[in-house]
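What follows is a set of notes on a single structure, which appears directly below.
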Amino acid sequence: MSQSKRPKPPDGIAAADSPSTTKQDVKPSKRWDPRNGLGVYIETPETNPEGRVLEYDDDFVVITDKYPKASIHLLLIPRKRTYYSQHPLRALSTDTAFLDTVRTRTAHLVELAANELRRQYGEGSASDAPYNTALESLMSGPDPPSPSKRAALLPPGRDWTKEIVTGVHTHPSMNHLHIHVFSRDMHSPWMKHKKHYLSFNTSFLVQLHEFPLEEGSARFHPRDWPSWDMKCWRCGQNFKNKFAALKSHLEEEFEQWKKE
Numbered sequence: 001m002s003q004s005k006r007p008k009p010p011d012g013i014a015a016a017d018s019p020s021t022t023k024q025d026v027k028p029s030k031r032w033d034p035r036n037g038l039g040v041y042i043e044t045p046e047t048n049p050e051g052r053v054l055e056y057d058d059d060f061v062v063i064t065d066k067y068p069k070a071s072i073h074l075l076l077i078p079r080k081r082t083y084y085s086q087h088p089l090r091a092l093s094t095d096t097a098f099l100d101t102v103r104t105r106t107a108h109l110v111e112l113a114a115n116e117l118r119r120q121y122g123e124g125s126a127s128d129a130p131y132n133t134a135l136e137s138l139m140s141g142p143d144p145p146s147p148s149k150r151a152a153l154l155p156p157g158r159d160w161t162k163e164i165v166t167g168v169h170t171h172p173s174m175n176h177l178h179i180h181v182f183s184r185d186m187h188s189p190w191m192k193h194k195k196h197y198l199s200f201n202t203s204f205l206v207q208l209h210e211f212p213l214e215e216g217s218a219r220f221h222p223r224d225w226p227s228w229d230m231k232c233w234r235c236g237q238n239f240k241n242k243f244a245a246l247k248s249h250l251e252e253e254f255e256q257w258k259k260e
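Shown next as structure tokens:
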């Protein structure tokens, strides 16, 4: 994505350089709603708040999640009010042009995330060994190829794109529409309780390939999802309501998953 200018303020909202109001016009400010925390990335991505902005243009901004639930956790956020003020299930089910655009953008991010997984864990991955060996040989030669030509000369190795999940929550925790792009390992100190795990490993997360949803789909109403059992994403073992046991198990699975 190329950088872009700050979007125009929505109708009814004065720009920062517009005439100031009189004292009689000033109303008491509302208490800050933390659910609006993504707004700063939409309005002023060029300031790169907290160093989380990866890329942006007029239509989208990509950030790293402030509280990642896995090794890789990105958010794709539309910058136009037409989209970011909508519920994600509704927007992605009724606007085919928007869905197509999101799919194109997330495909790019899946590749980006997969490359980062390879950078972090590829050296210890058994299925990536042929790739790593060939890459070392190629780059140590007298005329190393450019990155654009390198892929065609290397064996595929481990398909890290299969370790990336894309989707949205049925009941998002933030007000602005956002799409999650994350690695499925669930390895993170921010994975702290049952709701965290269930929200990324059950049908509460509607994956991008499931859209569009049919009108009236049960996916719009996940019922009492916090009461659902917790099952390991990798082996399927049911930990029911025992998060501490699951958390310990996830660390064991993470070590094995890296080595695949």
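Each residue of the sequence shown is one higher than the one before, starting from 1 at the first, in full-length UniProt numbering. Each residue gets a CB set at the ideal place from its N, CA and C atoms; glycine is no exception.
Residue i in three-state terms, based on DSSP
i	result
Q256	helix
residue 262	For the chain, the structure presents residues 1 to 260; residue 262 sits outside this window and is missing.
M230	strand
T161	helix
P78	strand
H171	coil
K247	helix
Y56	strand
T47	helix
I42	helix
H73	strand
Inter-residue spacing [alpha-carbon to alpha-carbon] between residue i and residue j
i	j	result
D95	K258	38 Å
K80	E43	10 Å
K242	M230	8 Å
L109	N132	22 Å
H221	S93	15 Å
H209	Q237	25 Å
P212	T64	26 Å
R31	R52	25 Å
Limits of the unbroken alpha helix (DSSP H) element including residue i
i	result
T133	129-139
L198	194-201
K149	147-150
The beta strand (DSSP E) enclosing residue i, as first and last residue numbers
i	result
N238	238-240
I179	179-183
L205	205-207
Own chain, CB closer than 7 Å to residue i, minus 5 neighbours either side, in chain order
i	result
K78	In the sequence as presented, Lys is not what sits at residue 78; that position holds Pro. Within the same chain, P78 has close Cβ partners D59, F60, Y84, L177.
G37	M174
A244	none
T202	W225, W228
S127	G157, R158, E260
Chain-order list of residues whose beta-carbon lies under 6 Å from that of residue i (same chain, five-residue window excluded)
i	result
S137	none
P256	Checking the displayed sequence, the identity of residue 256 turns out to be Gln instead of Pro. The answer is none, since no qualifying residue turns up.
L54	V62
T21	With a pLDDT of 39 at T21, under the threshold of 50, the modelled position of this residue cannot be trusted; read the value that follows with caution. Same-chain partners within the cutoff: there are none.
Own chain, CB closer than 8 Å to residue i, minus 5 neighbours either side, in chain order
i	result
P68	F182, S188, W190
T106	L76, T166, I179, V181, L208
F254	D185, M186, H187
Min CB distance residue i to chain D below 8 Å
i	result
Q120	Included in the structure is just one protein chain, with no chain D present.
Quiz item: Three or more beta-carbon pairs under 8 Å between the region 221-237 and the region 188-206, yes or no?
Solution: yes
Practice problem: Report yes or no: do the region 150-170 and the region 178-189 share at least 3 C-beta pairs separated by less than 8 Å? | Solution: yes
Quiz item: Are the region 151-160 and the region 118-128 touching, with three or more C-beta to C-beta distances below 8 Å?
Solution: yes
Quiz item: Quick check: the region 215-222 against the region 238-254, are there 3 or more CB pairs under 8 Å?
Solution: no
Quiz prompt | Meets three-Cβ-pair contact criterion under 8 Å: the region 142-154 and the region 88-107 | solution = no
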